[in-house]
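In this text, residue positions in the sequence shown follow the working numbering: the first is 118, and each later residue adds one. Beta carbons: idealized from backbone N, C-alpha and C, even for Gly. Worksheet: one structure, shown below.
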Amino acid sequence: YVGSVSKVVDRMEELYGYGVDGFVMHPMIQPQSHEELVDLIVPELQQRGLFRKNYESTTLRGNFSNTGKSLPDSDHPSALYRWKNK
């Protein structure tokens, strides 16, 4: 979809209303398109309450999980490979 910031965000908001929970953005010009997304689209989405301004966790895992934990539980298979200080 191509258009002004408000038109693009209007369309994203409309699709979100239909249940779309993510978008794949295809940049036309790099890196300019990525910069425009961050500098123009994201603030408009935030203003409309459609994109977070703050995150609870300092890790990607913590923000993707609903628990807010930055590390997996000790019974998770990946816990075996956790870095341990001696």
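Query                                                                                                                         : Result
Are the beta-carbon atoms of S191 and S174 separated by less than 8 Å?                                                        : no
So, are the CB atoms of V119 and I158 less than 8 Å apart?                                                                    : no
If N180 sits next to Y172, beta carbons under 8 Å apart, how far is it from one beta carbon to the other, in whole angstroms? : 5 Å
Return the CA-CA distance between G139 and R178, expressed in angstroms with no decimal places.                               : 18 Å
Classify V155 as buried or exposed, calling it buried when 16 or more other Cβ atoms lie within 10 Å of its own Cβ.           : exposed
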